[in-house]
Amino acid sequence: MLYIFDLGNVIVDIDFNRVFGAWSDFSRVPLATLKQKFVMGEAFHQHERGEISDEAFAEALCHEMELSLSYEQFSHGWQAIFVGLRPEVIAIMRQLREQGHRVVVLSNTNRLHTTFWPDEYPEVRGAADNIYLSQEMGMRKPEARIYQRVLEAEGFSAADTVFFDDNVDNIEGAHRLGITSILVTGKETIPQYFAK
Numbered sequence: 299m300l301y302i303f304d305l306g307n308v309i310v311d312i313d314f315n316r317v318f319g320a321w322s323d324f325s326r327v328p329l330a331t332l333k334q335k336f337v338m339g340e341a342f343h344q345h346e347r348g349e350i351s352d353e354a355f356a357e358a359l360c361h362e363m364e365l366s367l368s369y370e371q372f373s374h375g376w377q378a379i380f381v382g383l384r385p386e387v388i389a390i391m392r393q394l395r396e397q398g399h400r401v402v403v404l405s406n407t408n409r410l411h412t413t414f415w416p417d418e419y420p421e422v423r424g425a426a427d428n429i430y431l432s433q434e435m436g437m438r439k440p441e442a443r444i445y446q447r448v449l450e451a452e453g454f455s456a457a458d459t460v461f462f463d464d465n466v467d468n469i470e471g472a473h474r475l476g477i478t479s480i481l482v483t484g485k486e487t488i489p490q491y492f493a494k
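If you're matching positions, the sequence shown starts at 299 in this note's numbering and goes up one per residue.
Written out as structure tokens, the structure is:
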């Protein structure tokens, strides 16, 4: 079997409030205002596909949110999203590989984040056979082609694949291709799935 794991809130806990908190401290703009103005719009999607630079993304987002930050301040806040590893998921990934299954990570991410998490959480690379990142592939979930690319690269059919993600759209995108797709709603989702 092929097991595909998303990264954020599946293997590593993330919290956007930490990003807004850091930006609020730097800019003195209230946290609630920043949360209201933040949208995962076109610049966000382009950044995840690797179509625009980190600097262009920072500029676009600061413009959209009417936020005055230096690139360093923006980056510092953007990295603050990571909370910590879910060791129980890492243990399951390792166990699956020991049982002869193929285990990969498929993440909508961006260069700014990949300068941070691989060094911060080396366990992720250690527990996966391969890591597929949206900005390197030029496509993002829930686009059908990203799942198809992973299946082709790994040599598995949709019927022999299980996918874990915390985003409903991503789950539906994979499900439409015939991939068994599990919505991760909390830390207990994955351990409970394998306990069955």
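For glycine and all other residues, C-beta sits at the position ideal for the given N, C-alpha and C.
Since the structure is predicted, the reported quantities are computational estimates derived from the model, not experimental observations.
Asked                                                                                         : Found
Closest residue to M515 among N315, D304, E349 and N307 (Cα-Cα distance)                      : Any property of residue 515 remains undetermined from this structure, which presents the chain solely from 299 to 494.
Every unbroken alpha helix (DSSP H) inside the stretch 392-448 [4 residues or more]           : 409-412, 415-418, 420-425 and 432-435
4 or more residues per run - each alpha helix (DSSP H) lying fully within the stretch 313-340 : 314-325 and 329-335
I350 - containing beta strand (DSSP E), residue span                                          : Neither: I350 is in no beta strand (DSSP E) and is coded neither H nor E.
Cβ-Cβ distance between R409 and P416 below 8 angstroms                                        : no
Nearest neighbour of V512, chosen from L431, V403, Q334 and F414 [CA to CA]                   : Any property of residue 512 remains undetermined from this structure, which presents the chain solely from 299 to 494.
For I429 and M435, the rounded distance between their alpha carbons                           : 11 angstroms
Length of the line joining the Cα atoms of E362 and K494                                      : 46 angstroms
Secondary structure of T483, DSSP reduced to three states                                     : coil
Range of the contiguous alpha helix (DSSP H) that encloses I469                               : V466 to H473
Residue range of the beta strand (DSSP E) that includes F462                                  : T459 to D463
Inter-residue spacing [alpha-carbon to alpha-carbon] between E370 and L431                    : 23 angstroms
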